[in-house]
Each structure stands twice: as C-alpha cells, then as structure tokens.
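Those protein sequences? They're chains Z and A, same order as listed. Mapping of the first sequence onto our numbering: residues 1 to 115, in sequence order. Mapping of the second sequence onto our numbering: residues 1001 to 1115, in sequence order. All C-beta atoms, glycine included, are put in the ideal place defined by N, C-alpha and C. Computed from a predicted structure; not experimentally measured.
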Amino acid sequence: DAGVIQSPRHEVTEMGQEVTLRCKPISGHNSLFWYRQTMMRGLELLIYFNNNVPIDDSGMPEDRFSAKMPNASFSTLKIQPSEPRDSAVYFCASSLGLLAFYEQYFGPGTRLTVT
Amino acid sequence: AQKITQTQPGMFVQEKEAVTLDCTYDTSDPSYGLFWYKQPSSGEMIFLIYQGSYDQQNATEGRYSLNFQKARKSANLVISASQLGDSAMYFCAGRFDSGNTPLVFGKGTRLSVIA
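Here it is as structure tokens:
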C-alpha cells in the first residue's frame, strides 16, 4: 500500500512568493496532520483535520499560513507570502482516527527553503 | 497537560550492544498510547513500535522492545544488537484520549552507533 504522499519533496522560493504544499493521506485514514520541523523549534504541530474538518489550527504561526482539506484524499498547506523564517521541513501525517491506539504515519516531508 | 519527556539529548552505543532510550510521560488519562519513531539523517519519520496503556505485556517488534512501567510512567525503548543503521534521532510520542488529541512528541534523542 502507498504511504502518505507529499509533493513537492523540495521547494526553493523567493521571499514574498506563494508556496503550496500538498499531501495525500493513506487511503481510509480519517485524520490528517501538518507538522513543521526546524533545528531550533523541533517538531511542531501546525493543524490537524478529522473527517476533512479542521479540528485545531492553534499551531499555525500566522495568518500567512492556511490549510485546506477539500476531500478525504487531499490536503494543502499554503504560505502566502513566504518569508525566510518559514524555511523548514514540513511533514504531513495521517492516522485512522484520533483515538489513543491509532499510530500516525508520516510522509517523506517537503523541504522548503525561502531565500 | 499531557507531556512527553526525553532527558537524553544524545547517546552513544557500541555496535552489537543493547541500548535503552528513556521516555517518561505525564497524564491523568487512563487510556493512552505510546509510540516511538525513528528519524534517520535522510529525514523521514519511521514508526517503530506502539504500547497501549491497557496492554498487559511489553510491546516488541524485532530488535525493538518497549520497557513499559506504568507506575513510573515510563516507556523506554530498548534496541538490542545495535547496528550502524540504527544511528538516528528517536522520538517518543504519546496519544491521550481526553479530547481526541494528536500525538504529543518528546524532543528526541540522537543515537550514534559506533563500530
């Protein structure tokens, strides 16, 4: 079975540009999570969805960040406008649900560099 | 609030030896799951092992085992017969049932296996 799919794997963009990261969760998984990882801050949860509905977006750093999940098989994380401090690895993860015994499976990540 | 603590920023182990990575958690929920993830230098997050709060036996997956001590609120990862490929960052994470929350991650332990 295919795991969580993320695209692009690498993105280099200039400050001020719009960036869109994409994620396809594992088929049948009802919960989807977006994380950001940096050396300074470690792994941060940005937002998560359950059954395509955003549950908690308190981790989204600023209004420049937005996320959508239009259907069960696709989600986007958009940064507009991008800034150098947004440079990080962005992970998408999915799980069957939010109960305690459901493990999360991570995608390979998107390495974003904003110059 | 639920919390995962990993007190060892870095560990060294000789090849073929066993190593224990510490993890403690803080929760008042009776139902929870504990997870370990491996992040090699390539960056992906790999799910290793899961332990449920109601599980009677310690979880094992190949060379990985989880030393679960409920009274001490600890869930240490034991890697037996270390291999050079085990060199990576290891994250302990917990999922707690109150409010159907996503995973809470520790800050990680960097394991270096020495030949």
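{"Check": "Reference L1034/A, options S1065/A, T1005/A and C1092/A, closest by Cα", "Outcome": "C1092/A"}
{"Check": "Selection of the stretch 25 to 39 of chain Z by Cβ proximity to chain A, strictly under 9 Å", "Outcome": "S31, F33, Y35 and Q37"}
{"Check": "Positions along the stretch 42 to 58 of chain Z whose CB lies within less than 7 Å of some CB in chain A", "Outcome": "G42, L43, L45 and Y48"}
{"Check": "Whether K24/Z touches I47/Z by CB criterion (8 Å)", "Outcome": "no"}
{"Check": "Interface partners of G109/Z on chain A, CB under 9 Å", "Outcome": "G1043, E1044 and M1045"}
{"Check": "With 16 other Cβ atoms within 10 Å as the buried cut-off, status of I1114/A", "Outcome": "exposed"}
{"Check": "Neighbouring residues, chain A, relative to F101/Z (Cβ below 8 Å)", "Outcome": "G1033, Y1050, G1052 and R1095"}
{"Check": "Beta-carbon proximity of E11/Z to T115/Z, cut-off 8 Å", "Outcome": "no"}
{"Check": "Range of the contiguous beta strand (DSSP E) that encloses S1031/A", "Outcome": "Careful: S1031/A lies outside any beta strand (DSSP E) and carries neither H nor E."}
{"Check": "Outcome for S120/Z when other beta-carbon atoms lying within 10 angstroms are tallied against a minimum of 16", "Outcome": "Look at the range of chain Z in this structure, 1 to 115, and you will see that residue 120/Z is not part of it."}
{"Check": "Buried or exposed by the 16-neighbour rule on C-beta atoms within 10 Å, applied to M69/Z", "Outcome": "buried"}
{"Check": "According to DSSP, residues forming a beta bridge with V1013/A", "Outcome": "V1113/A"}
{"Check": "Proximal residues of chain A, C-beta to C-beta of V89/Z below 7 Å", "Outcome": "G1043"}
{"Check": "For E1015/A and L1077/A, believed in contact at Cβ under 8 Å, the rounded distance", "Outcome": "Not really, about 18 Å apart at Cβ, beyond 8 Å."}
{"Check": "Nearest-angstrom Cβ-Cβ length linking G16/Z and S82/Z, presumed shorter than 8 Å", "Outcome": "7 Å"}
{"Check": "is_contact[Q6/Z, chain A] using C-beta, thresh 8 Å", "Outcome": "no"}
{"Check": "Of the listed residues A1088/A, I1079/A and P1102/A, nearest to A1059/A (C-alpha basis)", "Outcome": "I1079/A"}
{"Check": "Test: L98/Z CB closer than 8 Å to a CB of chain A", "Outcome": "yes"}
{"Check": "As assigned by DSSP and simplified to three states, the class of R22/Z", "Outcome": "strand"}
{"Check": "Proximity test, Cβ basis, 8 Å: F1012/A and chain Z", "Outcome": "no"}
{"Check": "Buried versus exposed, by CB contacts within 10 Å (16 or more), F1105/A", "Outcome": "buried"}
{"Check": "Continuous beta strand (DSSP E) assignments of at least 3 residues falling wholly in the stretch 7 to 69 of chain Z", "Outcome": "10 to 13, 19 to 24, 31 to 38, 42 to 50 and 53 to 56"}
{"Check": "is_contact[F106/Z, chain A] using C-beta, thresh 8 Å", "Outcome": "yes"}
{"Check": "Which listed residue (K1070/A, D1086/A and S1082/A) has its alpha carbon closest to that of D1029/A", "Outcome": "K1070/A"}
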